[in-house]
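Asks: Numbering (the working numbering), first residue to last: -2 to 58.
Glycine is no exception: its CB is placed at the ideal position from the N, C-alpha and C atoms.
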Amino acid sequence: MDLGNPVLKPCQNGMRAEAEGRLPEARALFERAAEHDAALPAGEYGEQLRAAVTDGLRRSS
């Protein structure tokens, strides 16, 4: 896990905001994560993060 990846932190914070019922904030965080899609690594880990962002955007809309 690359803790410096610009997708990881906003995705984690988006999940936290979503769990706490702060959907507008969660949406903004998932959108920020999606802006850095190109920074995701190739392979399964990158695909898992990409799916988490996509699912988060869907759930928070």
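Hey, quick one: how far does the alpha helix (DSSP H) through Ala23 stretch, first residue to last?
Replies: Counting along the chain, the alpha helix (DSSP H) containing Ala23 begins and ends at Leu20 to Glu32.
Asks: Using CA coordinates, which residue listed in Pro21, His33, Glu17 and Val50 is at the minimum distance from Gly1?
Replies: His33
Asks: Enumerate in chain order the residues of its own chain whose CB-to-CB distance from Leu26 is below 7 Å, with the five nearest sequence positions on each side excluded.
Replies: Pro7, Asn10, Gly11 and Ala14
Asks: How would you write the range of the alpha helix (DSSP H) that Pro7 sits in, first residue to last?
Replies: Leu5 to Ala16
Asks: When you compare only the Cα positions, how much space is there between Asp(-1) and Val50?
Replies: One C-alpha to the other measures close to 16 Å.
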